[in-house]
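This report concerns only the one structure given below.
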Amino acid sequence: VNDTPVESVNGGAELDEGATFVLTAAELDFCDAEQGPAAVTFTIESAPENGVLYRDAVALGVGDSFTQQDVMDGRISYTHDGGETDADAFGFSVSDGAGGTSAGHGFSFSIGPVGGAPTLPSVVMVVTLMSFKAPLFGC
843 VNDTPVESVN
853 GGAELDEGAT
863 FVLTAAELDF
873 CDAEQGPAAV
883 TFTIESAPEN
893 GVLYRDAVAL
903 GVGDSFTQQD
913 VMDGRISYTH
923 DGGETDADAF
933 GFSVSDGAGG
943 TSAGHGFSFS
953 IGPVGGAPTL
963 PSVVMVVTLM
973 SFKAPLFGC
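Position one of the sequence shown corresponds to residue 843 (the working numbering), numbered consecutively onward.
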């Protein structure tokens with residue numbers, strides 16, 4: 843009997859706009875009773891829309907894969923594109939290389955703003971009041 847990999851942790855990650863986040867087993871960890879972390883393989887089913895997922899600085903897209911060992915070794919990272927978005931995600935399936943596969947998983951990124959909301963410059967108006975004496979009625 844071959845068991846599929848089991849989700850231990852899939853907690854997502856938080857990062858700032860334009861930042862890079864390195865995934866660790868503290869954020870993404872699937873284990874398999876029969877196979878080691880080098881055999882537990884994540885295959886990307888949907889790519890992030892607001893950034894790029896990398897393995898050793900090489901961009902990953904739909905159909906590409908990485909292993910749990912890659913995650914444990916700090917080889918998987920995500921770089922946000924710097925746009926005004928507050929979330930991103932990628933979808934994946936996970937397999938153990940021996941026939942155990944589970945699809946339909948996702949990993950989410952929460953994106954924090956940098957520099958706050960745009961503001962309009964303030965306008966300072968100086969009003970000078972002049973006092974003058976003039977007769978109230980003719981002459």
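Backbone N, C-alpha and C fix where the C-beta goes; we use that ideal spot for every residue, glycine too.
- Message: Can you tell me where the alpha helix (DSSP H) holding Asp874 begins and where it ends?
- Response: DSSP places Asp874 in no alpha helix (DSSP H); its state is neither H nor E.
- Task: If I'm right that Asp938 touches Ala881 with Cβ under 8 Å, what's the distance once you round it to whole angstroms?
- Result: Under the criterion of beta carbons closer than 8 Å, Asp938 and Ala881 qualify as touching, at roughly 6 Å.
- Whose CA, out of Phe863, Ala867, Gly905 and Gly946, lies closest to the CA of His922? Per the C-alpha coordinates, the member of Phe863, Ala867, Gly905 and Gly946 positioned closest to His922 is Phe863.
- Task: For Val812, name the three-state secondary structure that DSSP assigns.
- Result: Residue 812 lies beyond the residue range present for the chain, which begins at 843 and ends at 981; the question has no answer from this structure.
- Query: Straight-line CA distance for Val843 to Glu876?
  - Reply: Straight-line measurement puts the Cα of Glu876 at about 10 Å from the Cα of Val843.
- Message: For a quick check, are the C-beta atoms of Leu870 and Asn852 less than 7 Å apart?
- Response: In this structure, Asn852 lies closer than 7 Å to Leu870 by Cβ.
- Would you decide whether Gly893 is buried or exposed? Buried here means 16 or more other CB atoms lie within 10 Å of its CB. Residue burial annotation: Gly893 is buried, with at least 16 other C-beta atoms found within 10 angstroms of its C-beta.
- Relative to the C-alpha of Ile953, which residue among Thr927, Gly942 and His947 is closest? Among Thr927, Gly942 and His947, the Cα nearest to that of Ile953 belongs to Thr927.
- Query: Residues in its own chain within less than 6 Å of Pro847 by CB, not counting five upstream and five downstream?
  - Reply: Within the same chain, Pro847 has close Cβ partners Phe872, Asp874, Val882, Val936 and Asp938.
- Complete alpha helix (DSSP H) runs within the segment 892-970 (minimum length 4 residues, chain order): The qualifying runs are 910-914.
- Backbone secondary structure at Asp858 - three-state DSSP: Correct three-state label for Asp858: strand.
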